[in-house]
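In the working numbering, the protein residues as written are 10 to 828. We put the beta carbon where it would ideally sit given N, CA and C, even for glycine.
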Amino acid sequence: MAHRYPFSDVEKRWQAYWEAHETFRAREDSSRPKFYCLDMFPYPSGAGLHVGHLENYTATDILSRFKRMRGFNVLHPMGWDAFGLPAEQYAVKTGIHPAVTTAENIATFRRQMKRAGLSYDWSREINTTAPDYYRWTQWIFLKLFERGLAYVAEVPVNWCPALGTVLANEEIIDGKSEIGGFDVVRRPMRQWVLKITAYADRLLDDLELVDWPASTREMQRNWIGRSIGAEVDFALDGAPGALRIFTTRPDTLFGATYMVLAPEHPLADALTAPAQRAAVEAYREATARKSDMQRQDATREKTGVFTGGHVINPVNGERLPVWIADYVLMGYGTGAIMAVPGHDQRDWEFARAFDLPIREVVAGGDIAREAYVDPDRGVAVHSTTPDGRFSIDGLEAGPAIEKITVWLEQQGHGRRTVHYKLRDWLFSRQRYWGEPLPIVWVEGDARAIPEQMLPVRLPETDQFKPMATGEKPESPLARLTDWVETTDPATGRPARRETNTMPQWAGSCWYYLRFLDPANPDQPVAAEKERYWMPVDLYMGGAEHSVLHLLYARFWHKVLFDIGVVHTPEPFMKLIHQGTVLGEDGQKMSKSVGNIVNPDDTMDRFGADAVRLYEMFMGPLEAMKPWSTHGVEGCTRFLDRVWRMAIDEDGAASRALTSEPPTDGQARLLHRTIRKVTEDLEALRFNTAIAQLMVFVNEMTPLERRPRAMIEPFVLLLAPFAPHIGEELWNRLGHRDTLAYEPWPAWDPAWVEDETVTLAVQVNGKLRATLSLPRGTDQEAARTAAMADERVLRHLDGAEVRKTIFVPDKLLNLVVAGR
RNA sequence: GCGAGAGUGGCGGAACUGGCAGACGCGCUGGAUUUAGGAUCCAGUGGGGAAACUCGUGGGGGUUCGAAUCCCCCCUCUCGCACCA
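Now the structure itself:
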């Protein structure tokens with residue numbers, strides 16, 4: 010019976026060793042280059058770690074271990090994003106305090122992570138719900154408040170009755186709450202808002218500075234949605250005042266044939282003629298009843314109502330009818346548009362539906378068939394003022410926009426304007442389990458709590474239900490009269506505490522900074538530590554955070570940059586999203602399908618190293634890929650082979666190991682393996698690196714005599730992937746210390762190439778033979794050798810070789826006359 | 001609908017800058033060893049064919065001595081956005 014790698018004992022032993030020796034503790038050391046390798050810290054849910062988490066954490070762990078061996082001072086921390094709704098909802102249901110469930114869940118997560126052999130520096134563990142931590146979250150909020158970046162506004166919010174709280178736009182998916190999938194309705198409410206729009210340009214432009222997946226940067230760009238255009242004022246016909254619209258195509262101003270207001274537009278009333286009032290009212294009511302979901306269905310037929318009112322086009326004095334229609338949204342631009350049906354598809358559809366005129370002002374399309382919207386082709390036509398003093402005719406869109414915008418400004422009819430899709434960030438939640446906002450209300454004014462008085466601790470309670478009564482939903486904190494009623498620290502006057510709490514995103518906006526200096530009682534992070542460790546060199550986490558967390562964190566980082574807390578404009582230099590791990594059936598893992606793979610069970614059966622290897626061997630890191638238990642078994646078999654390659658049945662170093670130098674062929678195998686594994690690790694190609702380790706073992710195992718000079722470097726190469734077996738082999742091969750800081754093997758370029766190469770010989774592009782030739786064989790010699798080969802001659806058939814293609818050491822292609 | 005990415009054996013996936021398609025693993029077939037094995041070892045494994053060969057990287061065209069790789073059209077899947085003026 011072949012002996013096997015006793016993973017269970019070995020794993021326990023080395024985990025205990027690392028813990029006792031603080032092997033992975035990171036200390037500032039300016040003599041070594043730093044590498045900050047960060048995982049998106051998890052919300053510690055009750056379900057424990059899943060294999061998708063493990064894929065993420067294993068990848069960064071392998072890289073951290075690799076970088077340590079390459080001489081980097083590695084910071085690889087872990088913590089808990091522990092405020093949030095699930096623990097609170099559980100508390101509402103069971104009465105168990107969220108702090109209790111959270112602590113239990115964290116214990117499970119931490120145990121599972123240690124068990125997987127993840128090399129975190131646990132001395133830096135942080136928890137967003139710890140007062141020592143959220144004290145600084147509150148401190149940052151005060152900085153935002155001081156700078157006018159946090160304010161209270163009566164804003165239309167997404168109210169979720171089922172959750173009893175408001176939600177940010179980013180927390181709503183297809184009109185339902187991201188958590189729970191409950192209905193969400195729009196309603197105005199007084200709320201705390203962060204002015205992220207003040208940073209819109211920097212958030213957009215600085216995407217150029219980071220090495221992130223193109224798709225993620227694109228998503229952020231779309232979310233910010235910067236559009237450059239002009240606001241234009243159209244004078245009301247027969248009344249004082251003007252209707253202001255926003256357009257990105259002021260060059261099509263001469264093509265406007267009607268106007269459209271959002272149904273909620275404040276001028277809609279004033280513009281409505283008595284005869285139309287009933288129709289307008291009916292339409293507005295119908296719109297109000299529709300959900301955002303229904304309103305935003307672009308495939309729907311256009312609807313709208315004429316108000317009876319008119320405005321005057323400033324470029325040509327034309328009297329344009331004003332309509333209201335729900336395809337114009339109050340929330341974007343000015344809530345009103347000029348309709349240019351010739352050159353906007355939506356306006357075109359509307360004009361067709363209501364028989365409004367369509368006018369061509371950009372040549373090049375066929376506006377009878379469809380709107381001509383391409384801004385990169387075609388020149389302006391029919392675009393001259395009636396008095397002939399101003400014209401953009403003949404200009405392409407770019408110059409035309411420029412010219413007419415300047416003219417509008419000179420005439421006082423409009424101005425260049427930039428609008429964003431990005432809205433300010435709704436920052437308060439009617440919840441218990443979140444950071445209290447460090448604010449008191451004194452006679453209707455919000456006053457900051459002085460920073461020396463932080464943290465504002467979350468008060469104890471056993472009532473977790475929101476006080477969501479009718480029109481005025483309130484946080485559970487509002488019930489705690491003793492806590493709410495306080496005095497203004499500045500004046501001593503009676504004051505009421507703010508009872509809303511921060512959204513879950515708050516704590517994760519800056520946690521990467523606290524890891525640098527987790528116990529600092531005086532500052533969020535000491536300047537010299539920030540200077541040493543920042544920015545994050547590699548940040549890994551799910552693509553689901555492409556917009557939310559990553560945009561919010563970048564925003565806070567830029568504010569912290571402005572107040573001198575951090576020295577880099579961006580926090581995360583390189584970002585990678587691990588792909589989703591599907592169930593064995595190729596479906597998304599879910600409780601209801603019952604295809605969830607439990608990491609504890611899997612590690613019980615196969616050991617942590619086999620699971621780590623399989624997680625990485627499955628396929629490319631960023632791809633979506635299915636789990637396979639057979640695949641894990643394959644990795645177990647590989648580790649067993651590795652074990653037998655180095656260790657005999659009695660547990661001692663194998664008697665096949667010799668002190669003789671490797672043969673030339675063995676040396677080439679070793680150096681090729683070192684190169685392949687090293688280069689693949691740098692490029693995060695873990696799957697192909699492991700394949701090469703397997704090749705090495707497949708070649709070495711059958712040998713009766715195996716030079717230690719081969720086996721020892723191999724153990725070092727394997728160790729980042731499978732650290733427990735790595736340490737154990739290193740130890741049994743006679744080394745006393747951990748291999749965590751052993752220098753990474755180097756390859757000798759002289760040894761990575763074979764001295765004989767296989768040359769592919771083609772005739773007319775088809776492979777006919779392969780020849781073994783010395784490296785560097787020239788064309789003549791290769792051709793001579795090929796022409797001597799029967800397999801080649803057969804296909805040449807005596808014909809004349811018209812052309813020879815030769816790629817040294819690779820390929821020879823003989824082209825003969827048409828056969 | 002728009003934007004981004006991807007389609008390679010029975011399966012997961014390899015393939016540098018256009019140069020031997022299918023590395024490595026799983027599964028499968030045959031054999032050895034074993035009381036037995038979901039252990040181990042050996043041999044094989046894209047399709048067709050006895051072989052010589054031939055076909056083959058979603059489909060169709062093209063460029064090239066040569067295409068999984070480059071270009072055009074189409075199909076499918078995944079992700080994101082979804083009337084943003």
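- Item | Residues that DSSP places opposite Cys169 in a beta bridge | Here residue 169 is taken as the residue at index 160 of the first sequence, counted from 1. Per DSSP, Thr174.
- Task: Mind reading off the beta-carbon distance from Gln596 to Val590? Whole number of angstroms is fine, and I expect it under 8 Å.
- Result: In the first sequence, counting from the first residue as 1, residue 596 sits at position 587. In the first sequence, counting from the first residue as 1, residue 590 sits at position 581. Val590 and Gln596 do not touch by the CB rule: their CB atoms are close to 11 Å apart, not below 8 Å.
- When the Cα of Asp18 is compared with those of Phe118, Asn136, Pro51 and Glu737, which residue comes out closest? The residue given as residue 18 occupies position 9 in the first sequence. Distance from the Cα of Asp18 is smallest, within the candidate group Phe118, Asn136, Pro51 and Glu737, for Glu737.
- Item | C-alpha gap between Arg828 and Pro629, whole angstroms | Here residue 828 corresponds to residue number 819 of the first sequence, with the count starting at 1. Here residue 629 corresponds to residue number 620 of the first sequence, with the count starting at 1. Unreliable placement is indicated for Arg828, whose pLDDT of 42 sits below 50; the coordinate value is still reported in the next sentence. Taking C-alpha positions only, Arg828 is separated from Pro629 by approximately 44 Å.
- Message: By the DSSP assignment, the alpha helix (DSSP H) with Asn82 in it spans what residues?
- Response: Here residue 82 is taken as the residue at index 73 of the first sequence, counted from 1. Looking at the DSSP string, Asn82 is not in any alpha helix (DSSP H); the run it does join, the beta strand (DSSP E), is Asn82 to Leu84.
- Message: With a threshold of 8 Å on Cβ separation, who are the neighbours of Gly373 within its own chain once the five nearest residues in sequence on each side are excluded?
- Response: The sequence position of residue 373 within the first sequence is 364, counting from 1. Cβ neighbours of Gly373 beyond the five flanking positions: Tyr381, Asp383, Arg386, Gly387 and Val388.
- Message: Using the three-state DSSP reduction, which class does Gly317 fall into: helix, strand or coil?
- Response: Indexing the first sequence from 1 puts residue 317 at position 308. The three-state secondary structure of Gly317, taken from DSSP, is strand.
- Return the Cβ separation of Ile1 and Pro580 in integer angstroms, given the expectation that the two are a contact with Cβ distance under 8 Å. The chain is shown only over 10 to 828; residue 1 falls outside these bounds and no answer can be derived.
- Exposed or buried, which one is Ser663 when buried takes at least 16 other CB atoms within 10 Å? Counting from 1 along the first sequence, the entry for residue 663 is found at position 654. The residue is buried, with at least 16 neighbouring Cβ atoms inside 10 Å.
- Item | Beta-carbon proximity check, Val349 vs Val331, cutoff 7 Å | Walking along the first sequence from the start, residue 349 turns up at place 340. Walking along the first sequence from the start, residue 331 turns up at place 322. By the CB criterion at 7 Å, Val349 and Val331 fall outside the cutoff.
- Item | Length of the line joining the Cα atoms of Glu631 and Ala288 | Counting from one through the first sequence, the residue named residue 631 turns up at place 622. Counting from one through the first sequence, the residue named residue 288 turns up at place 279. About 54 Å.
- Query: For Leu820, which beta-bridge partners are listed by DSSP?
  - Reply: Here the question's residue 820 lines up with position 811 in the first sequence. Answer by DSSP bridge pairing, in chain order: Ala769 and Val816.
- Compute the Euclidean distance between the alpha carbons of Trp168 and Lys185, then round it to the nearest angstrom. Within the first sequence, residue 168 is the residue found at index 159, counting from 1. Within the first sequence, residue 185 is the residue found at index 176, counting from 1. So the alpha carbons of these two residues sit roughly 10 Å apart.
- Residue burial classification, Met462 (beta-carbon count within 10 angstroms, cutoff 16): Taking the first sequence and counting its residues from 1, the one referred to as residue 462 is at position 453. The Cβ neighbour count for Met462, taken over all protein chains shown within 10 Å, is under 16; the residue is labelled exposed.
- Query: Which residues in the same chain have their Cβ closer than 6 Å to the Cβ of Trp756, if we skip the five residues on either side of it in sequence?
  - Reply: Position 747 of the first sequence, counting from 1, holds the residue named residue 756. Excluding positions up to five away in sequence, the list reads His680, Ile683 and Arg684.
- Taking all protein chains shown into account, do 16 or more other C-beta atoms lie within 10 angstroms of the C-beta of Ile572, making it buried, or fewer, making it exposed? On the first sequence, residue 572 is found 563 positions in, with the first residue counted as 1. Around the beta carbon of Ile572, fewer than 16 other beta carbons sit within 10 angstroms, so the residue counts as exposed.
- Query: For Gly264, which of Gly351, Arg119 and Phe436 has the nearest alpha-carbon?
  - Reply: Within the first sequence, the letter at position 255 stands for residue 264. Out of Gly351, Arg119 and Phe436, Gly351 has the C-alpha closest to the C-alpha of Gly264.
- Those residues which DSSP pairs with His576 across a bridge: Counting from 1 along the first sequence, the entry for residue 576 is found at position 567. The partner list for His576 (beta bridge, DSSP) is empty, contrary to what the question assumes.
- Query: Quick one: is Asp613 buried, meaning 16 or more other Cβ sit within 10 Å of its Cβ, or exposed?
  - Reply: As a first step, residue 613 must be located in the first sequence, where it is residue number 604. Result: exposed.
- Let me know the secondary structure DSSP gives Pro635 once reduced to three states. In the first sequence, the residue the question calls residue 635 occupies position 626. DSSP, reduced to helix, strand and coil, places Pro635 within a strand of the structure shown.
- Message: Please report the straight-line C-alpha distance between Gly640 and Gly61, rounded to a whole angstrom.
- Response: Residue mapping note: residue 640 aligns to position 631 of the first sequence, counting from 1. Residue mapping note: residue 61 aligns to position 52 of the first sequence, counting from 1. Distance between the alpha carbons of Gly640 and Gly61: 16 Å.
- Taking all protein chains shown into account, decide if Pro671 is buried (16 or more other Cβ within 10 angstroms of its Cβ) or exposed. Mapped onto the first sequence, residue 671 falls at position 662. Buried: at least 16 other Cβ atoms inside 10 Å.
- Item | Three-state class that DSSP yields for Asp8 in the structure shown | With the chain covering 10 to 828 only, the question about residue 8 has no answer from this structure.
- Would you decide whether Glu452 is buried or exposed? Buried here means 16 or more other CB atoms lie within 10 Å of its CB. Locating residue 452 in the first sequence gives position 443, where the first residue counts as 1. Burial state of Glu452 is exposed, judged by a 10 Å Cβ sphere holding fewer than 16 other Cβ atoms.
- May I have a chain-ordered list of the alpha helix (DSSP H) segments no shorter than 4 residues that lie completely inside the stretch 523-554? Within the stretch 523-554, the complete alpha helix (DSSP H) runs of at least 4 residues are 536-542.
- Item | Residue from Arg540, Glu483 and Leu666 with nearest C-alpha to Val175 | As a first step, residue 175 must be located in the first sequence, where it is residue number 166. Closest option to Val175, judged by alpha-carbon separation, among Arg540, Glu483 and Leu666: Glu483.
- Message: Whole angstroms are fine: how far does the CA of Phe255 sit from the CA of Asn114?
- Response: Counting from 1 along the first sequence, the entry for residue 114 is found at position 105. Counting from 1 along the first sequence, the entry for residue 255 is found at position 246. In a straight line, the C-alpha of Asn114 is about 51 Å away from that of Phe255.
- Item | Residue environment, Asn707, which counts as buried when at least 16 other CB atoms sit within 10 Å | Position 698 of the first sequence, counted from the first residue, corresponds to residue 707. Burial is judged here by how many other beta carbons sit within 10 angstroms of a residue's own beta carbon; Asn707 has fewer than 16 and is exposed.
- Based on Cα-Cα distance, which residue from Leu742, Thr747, Gln420 and Ala749 lies nearest to Ala665? For the purposes of this step, residue 665 is identified with residue 656 of the first sequence, where counting begins at 1. Closest by alpha carbon: Leu742.
- Where Gly735 falls: helix, strand or coil (DSSP): Start at 1 with the first residue of the first sequence, and residue 735 comes out as number 726. The answer is helix: DSSP assigns Gly735 an H, G or I state.
- Would you mind reading off the limits of the beta strand (DSSP E) that contains Glu405? As a working note, residue 405 is residue 396 in the first sequence. Bounds of any beta strand (DSSP E) do not take in Glu405, whose DSSP letter is neither H nor E.
- Message: Buried or exposed, going by whether 16 or more other CB atoms sit within 10 Å of the CB of Asp364?
- Response: Here the question's residue 364 lines up with position 355 in the first sequence. Per the 10 Å Cβ criterion, exposed.
- Item | Option in Ala277, Val371, Gly317 and Asp396 with minimal Cα separation from Val337 | Locating residue 337 in the first sequence gives position 328, where the first residue counts as 1. Of Ala277, Val371, Gly317 and Asp396, the residue nearest in Cα terms is Ala277.
- How many Å lie between Gly247 and Gln285 at the Cα? Within the first sequence, the letter at position 238 stands for residue 247. Within the first sequence, the letter at position 276 stands for residue 285. Spanning the two alpha carbons is a distance of roughly 16 Å.
- Task: Indicate whether Met228 and Trp753 have their beta-carbon atoms separated by less than 7 Å.
- Result: For the purposes of this step, residue 228 is taken as residue 219 along the first sequence, with counting starting at 1. For the purposes of this step, residue 753 is taken as residue 744 along the first sequence, with counting starting at 1. Remark: C-beta atoms of Met228 and Trp753 do not approach each other more closely than 7 Å.
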